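A.B. asks: Residue numbers (the numbering used here): 18 to 207.
Positions of the beta carbon are idealized from the N, C-alpha and C atoms, including for glycine.
It should be emphasised that the depicted structure is a prediction, and the values quoted were computed from it without experimental measurement.
(1) Among residues of its own chain, excluding the 5 on either side of residue 18, which ones have a beta-carbon nearer than 7 Å to its beta-carbon?
(2) Excluding the 5 residues flanking residue 132 on each side, which residues of the same chain have their C-beta closer than 7 Å to its C-beta?
(3) Can you list, in chain order, the residues of its chain with a C-beta nearer than 8 Å to that of residue 206? Leave out the 5 residues immediately preceding and following it.
(4) Counting only runs that start and end within the region 124-153, where is the alpha helix (DSSP H) found for 4 or more residues in a row?
(5) Could you pull out every unbroken alpha helix (DSSP H) segment of at least 4 residues lying fully inside the region 59-87, listed in chain order?
(6) So, with DSSP's three-state summary, where would you put residue 52?
(7) Quick one: what does DSSP say residue 184 is sitting in, helix, strand or coil?
(8) Under 8 Å, do residue 103 and residue 149 count as touching if we go by C-beta distance?
(9) According to DSSP, is residue 172 helix, strand or coil?
(10) Indicate the three-state DSSP secondary structure (helix, strand or coil) for residue 160 in the structure shown.
(11) Please report the straight-line C-alpha distance between residue 75 and residue 105, rounded to a whole angstrom.
Right, here's the structure in full:
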């Protein structure tokens with residue numbers, strides 16, 4: 018049996034947050050980014066960890082261009098309570114991204130791996146995240162999400178995690194491990 022090997026340029030995993038006001042008393046930010054970045058590095062990825070995005074149009078546009086070059090983008094946010102919410106794009110704007118879901122179903126493994134570099138599947142990434150969180154006993158609520166995800170050709174989702182889940186360092190570590198496992202499972206799946 019002969020196998021075709023296609024070299025795909027490594028693309029960054031971008032972790033970013035949308036504009037939010039400065040944290041108030043008792044609020045913490047970027048709690049999982051360092052842990053998750055270390056796990057991505059350990060798995061051979063190249064994380065691009067971005068902090069809270071200022072409300073400055075040129076900076077937002079530059080960050081959006083960076084996000085458009087990513088194979089996988091998870092925009093992390095905190096929400097009240099213990100909820101875990103996952104938002105996927107309502108639509109995809111580029112023709113390749115629009116057809117990625119269908120193409121991934123039938124493409125041979127080498128072509129599917131290459132396709133994921135340029136036009137990933139938010140739905141498959143969401144499934145991997147749901148499975149990883151389910152193993153922790155966490156139920157994920159899914160919805161179609163913000164317009165900002167529309168122009169991201171890679172697998173892009175917004176992940177909101179309730180602050181009640183983020184209070185405990187052990188729980189934060191488990192969440193970071195689950196996200197890292199999900200991204201790895203997504204990237205390695207045929």
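C.D. replies: In short:
(1) Per-residue confidence for residue 18 stands at a pLDDT of 42, beneath the threshold of 50, marking its modelled position as unreliable; the derived number appears in the next sentence. If you ignore the 5 residues before and after residue 18, its C-beta comes within less than 7 Å of no other C-beta in its own chain.
(2) 117, 120, 121 and 124
(3) 141 and 145
(4) 126-135 and 139-151
(5) The qualifying runs are 74-85.
(6) helix
(7) coil
(8) no
(9) strand
(10) strand
(11) 25 Å
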